[in-house]
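Residue numbers (this note's numbering): 85 to 263.
Written below as structure tokens is the structure these notes are about.
Spelled out as structure tokens, the structure:
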């Protein structure tokens with residue numbers, strides 16, 4: 085088999101590597117198939133964890149087509165489960181008529197590992213708050229999906245994120261958080 089060496093793809097070559105005039109068939113008429121493998125992902129000379137990306141590779145490519153490797157940044161979701169407790173610490177069922185009809189939370193985001201739980205690096209993600217209402221069984225729950233785990237910063241560095249929620253104050257109740 086014909087083997088090409090590693091090729092570095094980056095913005096300077098428009099993330100492309102072209103090999104021209106590859107034979108379509110052997111001398112006996114058998115079709116050649118070509119493949120590629122992404123060996124590693126580098127950012128500023130440092131290998132990036134593949135855990136942050138879904139990599140799509142076609143298994144083979146016929147000479148009449150084009151081989152495309154796609155890296156898609158992974159996303160995450162945050163699930164919020166609201167529990168109402170009385171002054172003795174016993175959970176309400178969630179359907180009591182003295183509970184509010186809904187609550188609002190804001191989603192907070194920060195660079196992963198950048199400080200303590202209460203540090204000021206947590207910023208509101210998005211412009212809107214999210215509303216949580218009880219379902220027919222009294223469960224107060226909401227899942228926020230498709231949140232980016234990684235992005236590229238203004239100078240090209242990789243930035244990994246983590247999330248939490250902050251409840252907008254409900255009059256008459258104290259709020260606490262747990263994972």
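Ideal placement from N, C-alpha and C gives every residue a C-beta, glycine not left out.
Excluding the 5 residues flanking residue 164 on each side, which residues of the same chain have their C-beta closer than 7 Å to its C-beta?
In the chain shown, residue 164 corresponds to position 80, counting from 1. Closer than 7 Å at Cβ, skipping near neighbours: 189, 216, 225, 226, 249.
Quick one: grab the DSSP three-state call for residue 175.
By one-based count along the chain shown, residue 175 stands at place 91. Here residue 175 sits in strand by DSSP.
Excluding five sequence neighbours on each side, which residues of the same chain lie with their C-beta closer than 6 Å to the C-beta of residue 235?
By one-based count along the chain shown, residue 235 stands at place 151. Taken in chain order, the residues that qualify are 243.
Report the rounded CA-to-CA distance for residue 256 versus residue 262, giving the unit in angstroms.
As a position in the chain shown, residue 256 is number 172, starting the count at 1. As a position in the chain shown, residue 262 is number 178, starting the count at 1. Residue 256 and residue 262 have their C-alpha atoms spaced approximately 20 Å apart.
Quick one: grab the DSSP three-state call for residue 108.
Your numbering for residue 108 matches position 24 in the chain shown. Coil at residue 108, not helix or strand.
How big is the Cα-Cα spacing for residue 138 and residue 233?
By one-based count along the chain shown, residue 138 stands at place 54. By one-based count along the chain shown, residue 233 stands at place 149. Near 12 Å, if we compare the C-alpha coordinates of residue 233 and residue 138.
Determine the direct distance from the alpha carbon of residue 193 to that of residue 206, and round the result to whole angstroms.
As a position in the chain shown, residue 206 is number 122, starting the count at 1. As a position in the chain shown, residue 193 is number 109, starting the count at 1. The alpha-carbon atoms of residue 206 and residue 193 are separated by roughly 5 Å.
Taking only three categories from DSSP, how would you classify residue 120?
Stepping through the chain shown from its first residue, residue 120 is reached at position 36. Three-state result, residue 120: coil.
So within the segment 166–228, which uninterrupted alpha helix (DSSP H) runs reach at least 4 residues, ignoring any that extend past its ends?
Counting only runs of 4 or more residues that sit fully inside the segment 166–228, no alpha helix (DSSP H) segment turns up.
Would you report the Cα separation of residue 251 and residue 176, rounded to the nearest angstrom?
Taking the first residue of the chain shown as 1, we reach residue 251 at position 167. Taking the first residue of the chain shown as 1, we reach residue 176 at position 92. Looking at the two C-alpha atoms, the distance is approximately 18 Å.
Go through its chain and collect everything with a Cβ distance to residue 109's Cβ below 6 Å, but skip five positions before and after it.
Within the chain shown, numbered from 1, the residue matching residue 109 stands at position 25. Excluding positions up to five away in sequence, the list reads 115.
What would DSSP say about residue 98, mapped onto helix, strand or coil?
Within the chain shown, the letter at position 14 stands for residue 98. If DSSP states are grouped into helix, strand and coil, residue 98 belongs with coil.
When you compare each of 120, 210, 254 to residue 91 by their alpha carbons, which one comes out closest?
The residue you call residue 91 lines up with position 7 of the chain shown. Of the candidates 120, 210, 254, the one whose C-alpha sits nearest the C-alpha of residue 91 is 120.
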